[in-house]
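Residue numbers (the numbering used here), protein chains in the order written: chain A, 1 to 280; chain B, 281 to 614.
Here the structure is laid out as structure tokens; the discussion comes afterwards.
And the structure:
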């Protein structure tokens with residue numbers, strides 16, 4: 001039981017990293033970037049191609065480049081329509097395209113890389129050091145995001161753009177710039193998550209949509225508002241998934257993120273007010 | 281010029297295209313296969329167009345609805361030994377009922393939440409299909425689904441497929457010309473106004489999604505009896521997304537938009553060097569269309585024609601000074 005919870009927490013910390021960009025972009029632009037999982041996939045794929053620590057840098061860079069492409073698409077779309085659903089659709093297109101590129105270049109082989117061969121033991125719990133590293137990186141990034149949002153000028157601009165975009169525009173805040181910043185941050189965070197998954201459980205070319213899904217489920221489970229809630233949501237989903245894996249069939253485990261999402265959406269968590277970028 | 285004003289012009293156009301497809305396709309076996317699959321995809325894509333373009337429900341579950349239809353008929357024919365036609369009512373009714381229930385739950389949600397909820401449902405259904413060994417055959421799927429009686433030969437089945445597509449367009453067009461369709465147009469533009477007009481919005485949208493689910497189910501029925509094999513990978517989430525993006529590329533607000541999009545993407549897709557590049561091509565096409573022509577390909581053509589029509593009479597009637605500023609006459613044109 002304890003082991004399942006512990007393992008869930010380790011996995012869940014990575015989910016929190018996928019949830020974080022969802023929150024950032026949703027609160028600043030009131031729409032969803034479905035390509036987060038694709039950034040993670042791209043980062044993992046590129047990192048396997050380049051050896052050594054340079055691979056990690058290359059992976060992150062590729063994820064950021066992909067998110068910059070999304071920025072260009074976003075700005076172009078904003079020119080013609082205010083419709084958020086078009087952005088979501090376009091990010092779907094980008095996600096499909098990135099998965100396809102990964103499939104063409106790297107084929108169907110899974111991406112996985114083990115950094116640690118030793119296993120730590122804590123009173124009967126066997127833990128790969130990578131898991132602890134994942135948790136540390138995730139918590140650090142969530143904390144950093146929270147600090148940026150709450151304590152810096154940039155964070156204040158982001159929050160202003162989220163609460164009232166026209167008002168922020170009048171106050172000389174570059175709203176589109178802030179939204180693009182959220183997208184690039186999403187690329188960075190998604191890429192980091194991809195690298196962490198690469199070094200722990202691994203993934204293959206079909207992973208992108210599933211990762212986006214988990215991220216979104218983790219982002220909305222406790223309300224899509226703050227980075228800390230993302231962390232809680234990610235850990236929560238991780239734990240429930242691990243418990244489901246331990247006590248029920250694989251079918252239930254794979255259903256966990258979708259079920260969560262459906263239940264949360266049906267309970268009206270993503271209400272009309274929040275949809276338009278409003279905050280309570 | 282009467283066909284332009286006819287209330288059934290889309291059906292007539294579709295009928296003409298279908299006749300051409302049925303005559304030309306059997307000339308080469310490769311063409312026949314492509315044309316049959318394009319027709320089935322067009323049917324599923326039409327259902328996506330009906331739900332997103334008209335009812336405003338961005339449904340990412342159309343592939344799942346088609347899969348339910350396909351599984352329903354597969355189980356009927358292989359396990360119960362019923363004829364293929366007996367599976368058709370079930371293949372249409374089951375997805376329609378499910379779509380109705382889904383719609384009752386999601387119509388109150390904002391667009392984006394609806395899209396995510398349908399996507400979540402589609403994923404759940406796929407997982408169920410993968411694991412419910414007793415009925416769906418799990419990962420292995422169901423093989424040996426009998427072809428439709430009397431339509432076993434390729435060219436005959438092709439005619440059957442395109443008959444379905446023409447019928448779907450006919451139903452779609454009649455629906456849009458009816459009081460329901462006009463009510464739907466109001467709902468799309470302004471939901472509050474529609475409510476004030478006394479339109480029961482939620483039941484109307486649910487009925488539309490149910491119709492679209494039925495259309496997708498019919499597509500699934502055709503698919504199962506054409507491929508004669510059904511597995512969780514056959515009509516998965518990727519198929520749902522493809523159907524949707526074909527509809528968007530063609531022009532989701534136009535009745536024939538999804539058909540145009542399907543033709544374009546699946547025929548051009550045949551020219552790709554490798555199957556792996558399909559996602560790149562589809563995704564790229566979606567992004568380009570969304571950026572360049574938000575109304576889709578048909579919307580772009582429509583606007584071009586309108587501009588041309590607005591310019592021509594203006595050029596005849598206007599004085600020389602106005603003719604020097606064609607841009608202005610363009611802007612003031614309705």
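Don't be surprised by glycine CBs; every beta carbon is placed ideally from N, CA and C.
Keep in mind that this is a model prediction, so the values were computed, not measured.
Could you give the residue range of the alpha helix (DSSP H) that holds residue i?
{"i": "residue 391 (chain B)", "result": "391–411"}
{"i": "residue 3 (chain A)", "result": "2–29"}
{"i": "residue 245 (chain A)", "result": "227–247"}
{"i": "residue 208 (chain A)", "result": "207–220"}
{"i": "residue 439 (chain B)", "result": "434–457"}
{"i": "residue 261 (chain A)", "result": "250–266"}
{"i": "residue 108 (chain A)", "result": "Premise fails: residue 108 (chain A) is in no alpha helix (DSSP H) and is neither H nor E."}
{"i": "residue 203 (chain A)", "result": "Residue 203 (chain A) -> no alpha helix (DSSP H), and no H or E assigned at all."}
{"i": "residue 35 (chain A)", "result": "Premise fails: residue 35 (chain A) is in no alpha helix (DSSP H) and is neither H nor E."}
{"i": "residue 115 (chain A)", "result": "Note, residue 115 (chain A): premise wrong, no alpha helix (DSSP H); not H, not E."}
{"i": "residue 472 (chain B)", "result": "471–476"}
Leaving aside the five residues before and after residue i along the sequence, list all residues of the same chain whose C-beta is less than 6 Å from its C-beta, in chain order.
{"i": "residue 29 (chain A)", "result": "179"}
{"i": "residue 168 (chain A)", "result": "160, 161, 175"}
{"i": "residue 328 (chain B)", "result": "342, 523, 524, 527"}
{"i": "residue 397 (chain B)", "result": "386"}
{"i": "residue 71 (chain A)", "result": "180, 183"}
{"i": "residue 263 (chain A)", "result": "none"}
{"i": "residue 265 (chain A)", "result": "none"}
{"i": "residue 275 (chain A)", "result": "Note that residue 275 (chain A) scores a pLDDT of 38, beneath 50, so its modelled location is shaky and nothing firm can be said."}
Can you give the beta carbon distance from residue i to residue j, rounded, assuming they're within the 8 Å contact cut?
{"i": "residue 19 (chain A)", "j": "residue 234 (chain A)", "result": "5 Å"}
{"i": "residue 368 (chain B)", "j": "residue 353 (chain B)", "result": "7 Å"}
{"i": "residue 331 (chain B)", "j": "residue 440 (chain B)", "result": "Not really, about 24 Å apart at Cβ, beyond 8 Å."}
{"i": "residue 80 (chain A)", "j": "residue 205 (chain A)", "result": "32 Å between Cβ atoms; not a contact."}
{"i": "residue 251 (chain A)", "j": "residue 407 (chain B)", "result": "6 Å"}
Using the beta-carbon of each residue, which ones in chain B are nearer than 8 Å to residue i?
{"i": "residue 283 (chain A)", "result": "Residue 283 (chain A) is absent from the structure shown; chain A starts at 1 and stops at 280."}
{"i": "residue 259 (chain A)", "result": "400, 404"}
{"i": "residue 216 (chain A)", "result": "396"}
{"i": "residue 23 (chain A)", "result": "What residue 23 (chain A) touches in chain B: nothing, since even the nearest Cβ is about 14 Å away."}
{"i": "residue 31 (chain A)", "result": "392"}
Cutting at 7 Å between CB atoms, please list the residues of its own chain near residue i, excluding the five before and the five after it.
{"i": "residue 295 (chain B)", "result": "446"}
{"i": "residue 604 (chain B)", "result": "The pLDDT assigned to residue 604 (chain B) is 43, lower than 50, so where the model puts this residue is not dependable, and the model offers no usable value."}
{"i": "residue 486 (chain B)", "result": "380, 383, 384, 387"}
{"i": "residue 131 (chain A)", "result": "10, 200"}
{"i": "residue 232 (chain A)", "result": "222"}
{"i": "residue 44 (chain A)", "result": "59, 111, 194, 195, 197, 198, 203"}
Under 8 Å between beta-carbons, which chain A residues line up against residue i? List them in chain order, please.
{"i": "residue 375 (chain B)", "result": "Those do not exist, as residue 375 (chain B) stays about 18 Å from chain A at its closest Cβ, beyond 8 Å."}
{"i": "residue 528 (chain B)", "result": "89"}
{"i": "residue 321 (chain B)", "result": "Here the premise fails: no neighbours, minimum Cβ distance about 16 Å."}
{"i": "residue 556 (chain B)", "result": "100, 103, 104"}
{"i": "residue 385 (chain B)", "result": "266"}
At a CB-CB cut-off below 7 Å, which residues of chain B make contact with residue i?
{"i": "residue 203 (chain A)", "result": "Chain B residues near residue 203 (chain A): none, gap ~16 Å exceeds 7 Å."}
{"i": "residue 97 (chain A)", "result": "559, 560, 563, 564"}
{"i": "residue 236 (chain A)", "result": "None at all; the shortest Cβ gap to chain B is about 17 Å."}
{"i": "residue 191 (chain A)", "result": "None at all; the shortest Cβ gap to chain B is about 19 Å."}
Quick one: list the residues of chain A neighbouring residue i, beta-carbon separation under 7 Å, in chain order.
{"i": "residue 571 (chain B)", "result": "73, 76, 77"}
{"i": "residue 391 (chain B)", "result": "85"}
{"i": "residue 456 (chain B)", "result": "Chain A residues near residue 456 (chain B): none, gap ~21 Å exceeds 7 Å."}
The beta strand (DSSP E) spanning residue i covers which residue range?
{"i": "residue 122 (chain A)", "result": "120–122"}
{"i": "residue 127 (chain A)", "result": "125–127"}
Cutting at 8 Å between CB atoms, please list the residues of its own chain near residue i, excluding the five before and the five after it.
{"i": "residue 135 (chain A)", "result": "9, 10, 13"}
{"i": "residue 306 (chain B)", "result": "312, 434, 435, 438"}
{"i": "residue 577 (chain B)", "result": "529, 530, 531, 537, 540, 541, 544, 569"}
{"i": "residue 449 (chain B)", "result": "290, 291, 294, 326, 535, 536, 539"}
{"i": "residue 212 (chain A)", "result": "18, 34, 35, 36, 37, 38, 95"}
{"i": "residue 498 (chain B)", "result": "323, 349, 368, 371, 372, 444, 448"}
{"i": "residue 566 (chain B)", "result": "525, 528, 529"}
{"i": "residue 226 (chain A)", "result": "23, 146, 149"}
Would you say residue i faces chain E, with C-beta separation under 8 Å as the test?
{"i": "residue 465 (chain B)", "result": "As a matter of chain content, chain E is missing from the structure shown, whose protein chains are A and B."}
Closer than 9 Å by beta-carbon distance: list the chain A residues that pair up with residue i, in chain order.
{"i": "residue 338 (chain B)", "result": "85, 88, 89"}
{"i": "residue 440 (chain B)", "result": "In chain order: nothing, as chain A lies at least about 31 Å away."}
{"i": "residue 574 (chain B)", "result": "77, 80, 81, 83, 86"}
Is any non-hydrogen atom of the ligand HEM found closer than 7 Å to the C-beta of residue i, if you look at the structure I gave you?
{"i": "residue 214 (chain A)", "result": "The ligand HEM is not among the ligands present in this structure, which contains no ligands whatsoever."}
Using a cut-off of 9 Å between C-beta atoms, extract the partners of residue i located in chain B.
{"i": "residue 240 (chain A)", "result": "Those do not exist, as residue 240 (chain A) stays about 16 Å from chain B at its closest Cβ, beyond 9 Å."}
{"i": "residue 246 (chain A)", "result": "Going along chain B, no residue has its Cβ under 9 Å from residue 246 (chain A), so there is no contact; the nearest lies around 18 Å."}
{"i": "residue 209 (chain A)", "result": "399, 403, 517, 518, 521"}
Residue ranges of each alpha helix (DSSP H) within the region 48–100 of chain A, 4 or longer: 53–80
Complete runs of the alpha helix (DSSP H) confined to the region 486–561 of chain B [at least 4 residues]: Complete alpha helix (DSSP H) runs here, min 4: 517–530, 537–549.
Alpha helix (DSSP H) runs contained entirely in the region 136–183 of chain A, provided each spans 4 or more residues: 153–163, 165–170
4 or more residues per run - each alpha helix (DSSP H) lying fully within the region 297–370 of chain B: 309–329, 342–358
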